[in-house]
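In order, the protein sequence lines correspond to chains A and B. Those letters in the first sequence? Residues 3 to 274, by my numbering. Those letters in the second sequence? Residues 17 to 276, by my numbering. All C-beta atoms, glycine included, are put in the ideal place defined by N, C-alpha and C.
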Amino acid sequence: MEVNLSSFRRISLSRKTRLIASLLILFLAWEAIAVFVEVFRNVPFPTPLETFTRLVDLITGEPLYGIPIYKHLVDSVSRWILGFGLAVAVGIPLGILLGYSTAMWDLFMPIIYVIQTIPGPAWIAVALMLFGLGNAPAVFMIFIVVFHAVVITTASGARGISRRYVNAAKMLGADSATIFFKVFLPAATLPIVSGLRIGLGNGWRVMVAAEMIAGTASGLGYSIIESRWSLDFTSAFVCMLLVSAFGLLTQRVIFAKIERRIMRRVGLMEVS
Amino acid sequence: MFLEVQNVTKVFRSSENEKPIVAVKDLSLSVPRGEFLCILGPIGCGKSTLLNMIAGFERPTKGRILLEGKPITGPGPDRVMVFQEETLFPWMTVLENIRFGLRFKGLSEEETEEEARRYLSLVGLEKFGDFRPHELSGGMKRKAELARALALNPKLLLMDEPLSSIDAISKMSLLQEILSIWEKSRKTIVYVTHNIDEALFLADRIIVLTARPAQVKREVVIHNPKPRDLLGSEMIDLKRQLIEELAQSHALEEHVLTPG
Ligand SMILES: Nc1ncnc2c1ncn2[C@@H]1O[C@H](COP(=O)(O)OP(=O)(O)OP(=O)(O)O)[C@@H](O)[C@H]1O
Ligand SMILES: [Mg+2]
């Protein structure tokens, strides 16, 4: 274990350099495109430097569409967490049920697939009729998207992964309650966590789209779409930057850490 | 007869694939109590399907399987299988894995613990009881799986290519282990493999299957005492014959797979 860990750290040093190089390429390309657009289209295109300057202005208190940038961020994150939380609360139990029982799978999975084919923002009509303008329709759209991701990943994963463990348990003479709680559920941990990961990412992306159309009057998505009228594209770039940075932080850093901990706990290794 | 497989046919019908797959066709064999039977067959011929039916996970499409005269209706602890893939529960320690099956045998707490430890040391894993499966080597995992199976004291032990993913050196010691366990317990064992050496080393009798659909192609009884020297002339002769039989099965398979 110790050996693995230290070799991992050693590798990660050179990989860290490459990560920095990768970001550098991104910003250089951005700068190049900005220059190109300014020269050939004669349109002011926010450069990385302008964007960061604007970011600092906004962070130090300049309001964006009448609201501090913090509030936009906090509102976005709250909608995301609320939609995600509700979807997980319903989606995981349902996914487990569908993964456990073939009859339930046959009955409900087609419905989930129908829902899955419709992209989040396309639910706008339903969302507006159900909830009117504001927060709730955005949360609803996030909910729908996370919901089907969680159900499908949990159910299909649990079905596949658990079969061999369930078979082994049957052979060892276990009763059905023991099989469900001591074997099926732990075996389903891996797909559940994958479902959470996919749902988290999908939910974050649809959150931005939902705020553009649901009339939330705050949030990162809302601030981006408002630039169509205000022509404050630099602020829109700041918001894109925040969407990306916060998305990466929550999914690739925080959730990845939690995920690794859970996997170690269950003794399962990540498959992909 | 202890175990009887009578004219068993197994057909798989998958909904997407229109053509049904005949995995096993009109196969009969019987196993007396205490025999170590090895079933040799080419890859994909239906060996696992046969074992799955004996274990009770699959039902024959035609024919029947009797254990001590009673038809098999489902999986149960009297016929324990060591699967081709790993099935130790990764979220339990090795000892917890072994205890898992014992809990359903109505033993007391102490008896369960005692039995679990006994079988753990039988396979030489005394020191690894508190390890998780992912902390063990491939060979140790196989041993743990074997211990979990043996601890249930089944009437019949089914082994589906238990050593196919094991390196050659660990394989030798595991083979010896399996042999000594069989000698101590005199359990009836049905051992499926496509490795001729394993079969020659372990078997009282070898049944060679044809390519899919599996049918009995040849039967060889080996009287030589165990442990056997696989480099002795008699064994080498036998091996040559078996290689030929298997090669024929393979050729047959290729012929079937590429019609016209
Ligand atoms: N549940 C199933 N549904 C459909 N087809 C199946 C099923 N199980 C097995 N088969 C098919 O039956 C045939 C025999 O499979 P089986 O696993 O019994 O072979 P095997 O001899 O154990 O192969 P291997 O040496 O690879 O372990 C294969 O063609 C396989 O695709
Ligand atoms: Mg097989």
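{"Query": "Inter-residue Cα distance where the pair is A:F248 and A:G122", "Result": "20 Å"}
{"Query": "Listed by chain order, chain B residues near A:K172 by CB distance under 7 Å", "Result": "P91"}
{"Query": "A:F86 versus A:I98, A:L198, A:R267, residue with shortest Cα-Cα distance", "Result": "A:L198"}
{"Query": "Within chain A, partners of B:R148 - CB distance below 9 Å", "Result": "G269"}
{"Query": "Heavy atom of ligand 2 within 7 Å of B:K26 beta-carbon", "Result": "no"}
{"Query": "DSSP-derived helix/strand/coil call for A:F133", "Result": "helix"}
{"Query": "Members of the stretch 145-170 of chain A near chain B, C-beta cut-off 8 Å", "Result": "R166, Y167, N169, A170"}
{"Query": "Start-to-end residues for the beta strand (DSSP E) that takes in A:Y67", "Result": "Segment: none, A:Y67 is in no beta strand (DSSP E) and carries neither H nor E."}
{"Query": "C-beta atoms of A:A216 and A:L135 nearer than 8 Å", "Result": "yes"}
{"Query": "Interface positions of the stretch 62-92 of chain B facing chain A (Cβ-Cβ less than 7 Å), listed along the chain", "Result": "A71, F73, P91, G92"}
{"Query": "Status (buried if at least 16 other CB within 10 Å, exposed otherwise) for B:K35", "Result": "exposed"}
{"Query": "Cβ-based contacts, 7 Å cut-off: residues of the stretch 131-145 of chain B near chain A", "Result": "none"}
{"Query": "Minimum C-alpha distance to B:M17 - residue among B:S153, B:Q264, B:T204", "Result": "B:T204"}
{"Query": "Alpha helix (DSSP H) segment containing B:R164, residue limits", "Result": "154-167"}
{"Query": "Cβ-Cβ distance between B:L173 and B:V96 below 8 Å", "Result": "yes"}
{"Query": "Interfacial residues, the stretch 80-108 of chain A to chain B, with Cβ spacing under 8 Å", "Result": "none"}
{"Query": "A:V90 - DSSP class collapsed to helix/strand/coil", "Result": "helix"}
{"Query": "Within-8 Å CB hit, A:G175 to chain B", "Result": "yes"}
{"Query": "Chain C within 8 Å of B:G60, Cβ atoms only", "Result": "Looking at the structure shown, chain C is missing, and the protein chains on hand are A and B."}
{"Query": "Proximal residues to A:V245 (C-beta, below 6 Å), its chain only, five neighbours per side dropped", "Result": "V210, L222"}
{"Query": "8 Å Cβ cut-off: residues of chain A touching B:V96", "Result": "M173, L174"}
{"Query": "Coil, strand or helix - B:A227 by DSSP", "Result": "coil"}
{"Query": "Pairwise C-alpha distance: B:S265 and B:P275", "Result": "With a pLDDT of only 42 at B:P275, under 50, the local geometry of the prediction cannot be trusted, and no value is derived from it."}
{"Query": "Any chain B beta carbon closer than 8 Å to A:V195", "Result": "no"}
{"Query": "Neighbourhood of B:I114 by C-beta distance below 7 Å, restricted to the same chain and skipping five residues each side", "Result": "A132, Y135, L136, A163, R164, A167"}
{"Query": "Close Cβ partners of B:P149 (< 6 Å) along its chain, the five nearest in sequence each way excluded", "Result": "L104, P106, K157"}
{"Query": "Under 9 Å from the C-beta of A:P188: neighbouring residues of chain B", "Result": "F105, P106, W107, M108"}
{"Query": "Given 8 Å, three or more beta-carbon pairs between the stretch 247-265 of chain B and the stretch 203-222 of chain B", "Result": "yes"}
{"Query": "Closer than 8 Å to chain B by CB, A:N6", "Result": "In this prediction, A:N6 scores a pLDDT of 47, lower than 50, which makes its location untrustworthy; no coordinate-derived value is stated."}
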